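Here the structure is laid out as C-alpha cells; the discussion comes afterwards.
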Amino acid sequence: MYQKTLASLKDMKDKNNIVIISENEEQLKVLLEKVILLRQSDNVVAVQYSDAEDAISKLNPQAILVCENVDQNLTLELISNIKKMNKICSIILLTSNYDQDFILSAYDLGADDFCSVNAESFELVIRVIRNLKNISVKKVLAQSKKLLSQNMIIDEITGFYGYKYAAEVYDSHLAKNLEETGTFMILSPSEDEKKRFSVEKLAKCIKSSVRFNDISALGRAARFYIMLPNSDKNGAIKVFEKISALYSSNNLIKAGVYEYKAAEDFKHIEKNTLNALSEAMLSDDAYRVAETKKETLDSWLDSDEETPKDFKIFKQVFNKKVEKVIAPVFYRLQQIYEDKLYNTKVNQYVNEDECVFHLKNSNQDSKLKIVYPGFSKIILYIVHEGLDSPENSEKTLPLSKITQDELVKIVEDFIKDFILATA
Numbered sequence: 015m016y017q018k019t020l021a022s023l024k025d026m027k028d029k030n031n032i033v034i035i036s037e038n039e040e041q042l043k044v045l046l047e048k049v050i051l052l053r054q055s056d057n058v059v060a061v062q063y064s065d066a067e068d069a070i071s072k073l074n075p076q077a078i079l080v081c082e083n084v085d086q087n088l089t090l091e092l093i094s095n096i097k098k099m100n101k102i103c104s105i106i107l108l109t110s111n112y113d114q115d116f117i118l119s120a121y122d123l124g125a126d127d128f129c130s131v132n133a134e135s136f137e138l139v140i141r142v143i144r145n146l147k148n149i150s151v152k153k154v155l156a157q158s159k160k161l162l163s164q165n166m167i168i169d170e171i172t173g174f175y176g177y178k179y180a181a182e183v184y185d186s187h188l189a190k191n192l193e194e195t196g197t198f199m200i201l202s203p204s205e206d207e208k209k210r211f212s213v214e215k216l217a218k219c220i221k222s223s224v225r226f227n228d229i230s231a232l233g234r235a236a237r238f239y240i241m242l243p244n245s246d247k248n249g250a251i252k253v254f255e256k257i258s259a260l261y262s263s264n265n266l267i268k269a270g271v272y273e274y275k276a277a278e279d280f281k282h283i284e285k286n287t288l289n290a291l292s293e294a295m296l297s298d299d300a301y302r303v304a305e306t307k308k309e310t311l312d313s314w315l316d317s318d319e320e321t322p323k324d325f326k327i328f329k330q331v332f333n334k335k336v337e338k339v340i341a342p343v344f345y346r347l348q349q350i351y352e353d354k355l356y357n358t359k360v361n362q363y364v365n366e367d368e369c370v371f372h373l374k375n376s377n378q379d380s381k382l383k384i385v386y387p388g389f390s391k392i393i394l395y396i397v398h399e400g401l402d403s404p405e406n407s408e409k410t411l412p413l414s415k416i417t418q419d420e421l422v423k424i425v426e427d428f429i430k431d432f433i434l435a436t437a
C-alpha cells in the first residue's frame with residue numbers, strides 16, 4: 015500500500031513504514047515507482063520537507079530516504095532532527111551529486127547510508143532492504159542493552175560497562191586471550207575541571223576515538239577505563255590525545271597509561287595504571303606512562319648467587335606459576351581443542367600436587383603431567399598409552415622457564431603427537 019500524502023496516517027504507527035522526503039514532487043513520484051518491488055507489507059509514504067517531521071512523528075518509520083535539498087544545510091538539519099526523534103530508524107541520503115564533504119557531514123549527524131537519487135530501481139531497493147535488516151539488528155541490540163542497563167551491567171548514561179562488573183569483563187577478556195598484550199588507560203578530569211565535568215561529553219569523545227574492539231568502562235570518581243588490545247603505548251597516547259582534544263583544547267583531561275603483558279591479571283593492570291594516573295594528576299603533564307618493572311621473581315630463581323634455599327619460598331613461586339600461567343593456559347587450550355579434536359575427551363585439572371592435561375579417545379590415552387618435587391625445579395611427564403603411541407618422556411625444567419609461551423608450545427607439541435598417533 016502506498017500513501018502520497020499525510021492523510022489517513024492514523025493507526026499506522028505499528029506498520030512497516032518507509033518515508034521518502036523531497037521538495038520535488040516529480041522526484042517523489044519517480045522514487046515511489048522505483049521502490050515498488052519492496053515487500054507488500056511495507057507502507058511507503060512520500061512527503062515534502064515541511065511535512066517530514068510531522069510524518070515521522072506519526073508513523074515511527076523504520077527507514078527514511080532523504081533527498082538532497084538545493085540548500086544542503088536544510089538537508090543536514092533535517093537529518094539531525096530525525097535522529098533526535100528516532101534513534102533506531104535508518105536514514106538513507108539520496109544525493110544529486112557525489113559531494114564527499116556533504117556526505118561525511120550527513121554521516122556525522124546520523125545518516126546510515128547514501129545512494130544516488132538517480133540510482134536504478136534494483137539498487138535502491140537493495141539499499142532499503144539492507145538497511146531494514148540493520149534495523150532488526152539495532153532493535154535486538156537495543157533490547158539487550160536495556161536488559162544490561164536494568165541489571166546495572168552497562169551504565170545507562172554512557173553505554174559503557176559499570177564499575178561493578180568491569181573487573182569481571184576485563185578478566186574474562188584476558189583469560190580468553192592469553193597471548194594478548196596491549197595498553198590500558200584510565201582517564202579522569204583534572205582538579206580544575208572536576209566541578210564542571212560532563213560525564214556524557216567525555217563518554218561521547220571516547221566513543222568517537224576508540225576502535226570497535228576496545229573495551230571501555232566507567233570507573234569510580236568520574237574515571238573512565240579503556241583497554242586497547244594489541245596496541246602499544248604510543249598508539250594509546252594518540253587515542254588519548256584525540257579524546258582530550260575533542261573534549262577541550264585546554265588539557266582538562268588526565269590519563270594514566272600502562273602497557274600490559276600476556277597473562278597479566280586485571281587487578282595488577284588496574285593498580286599500575288591508577289599509580290600512573292595519580293602521578294599525572296600531581297603534575298603538569300596530561301598523562302603519565304607507568305614504568306614496566308622487570309619481574310624479579312624469575313631472575314632470582316636463575317641467579318647464580320648463593321641464596322638461602324627456603325622450601326616455602328620456592329613453593330610460593332610454584333603456586334604463583336600455577337595460578338598465573340599453568341591454570342590459564344590449560345583452560346584456554348582445553349576450550350580450543352574440545353571443538354577441534356573429533357571424538358576425543360579433553361580434560362585438565364590443577365592442584366598443589368600436580369597439573370594434568372589429558373586427551374583420550376578409543377585408540378589413545380595421553381597425559382601431560384607437571385609435578386613439583388620441591389625447590390626450584392618441576393618435572394614434566396608425558397605418558398602415551400595405545401597402539402603406535404609416541405615415546406613417553408620425562409623432563410626437568412627450572413621454575414623460571416615455566417612461562418606462558420613455553421607452556422603453550424609444550425602442550426601443543428603434546429597434542430600434535432596425540433593427533434599423529436591416532437591418525
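Numbering (my numbering), first residue to last: 15 to 437.
Cβ coordinates follow ideal geometry from the N, Cα and C atoms, glycine included.
A quick note: this is a predicted structure, and the numbers were derived from the prediction, not measured.
Starting from R141, follow the alpha helix (DSSP H) in both directions and report where the run begins and ends.
135-164
Considering Cα atoms alone, identify which of L155, Y177, I106, S130 is closest to V142.
I106
For H372, the residue or residues it bridges with in DSSP
N361, K381
Note the first and the last residue of the continuous beta strand (DSSP E) segment covering P203.
Its beta strand (DSSP E) spans residues 196-203.
Does the segment 191-202 come into contact with the segment 237-257, if we say contact requires no fewer than three beta-carbon pairs (one atom in each stretch) closer than 8 Å?
yes
Contact belief for D56 with I35 at Cβ below 8 Å, rounded distance in angstroms
That pair is no contact at about 16 Å.
Compare the Cα-Cα distances from R225 to each of N244, V213, L216 and report the closest residue.
N244
Opposing strand residues paired with L355 [DSSP bridges]:
Answer is none; L355 lacks a bridge partner.
Best match in K381, E368, A156 for proximity to N361 [C-alpha to C-alpha]
K381
For the segment 203-281, which segments carrying the beta strand (DSSP E) assignment without a break, of at least 3 residues, lie completely within its bounds, in sequence order?
229-232, 238-243, 267-274
Determine which residues share a DSSP beta bridge with G176 and list them.
DSSP output for G176 lists no bridge partner at all.
Does K415 come out as helix, strand or coil in the three-state DSSP assignment?
Of the three classes helix, strand and coil, the one that applies to K415 here is helix, per DSSP.
Could you give the DSSP three-state label for K329: helix, strand or coil?
helix
Expected contact under 8 Å - CB spacing of E37 and N83 to nearest Å:
Confirmed, Cβ separation roughly 6 Å.
Just tell me which of D113, P412, K285 has its CA closest to the CA of A392.
First, the amino acid is wrong: residue 392 is Ile here, not Ala. Checked all of D113, P412, K285; the closest Cα to I392 is P412.
One question on the structure: do C439 and L146 come within less than 7 Å of each other, judged by their Cβ atoms?
The chain is shown only over 15 to 437; residue 439 falls outside these bounds and no answer can be derived.
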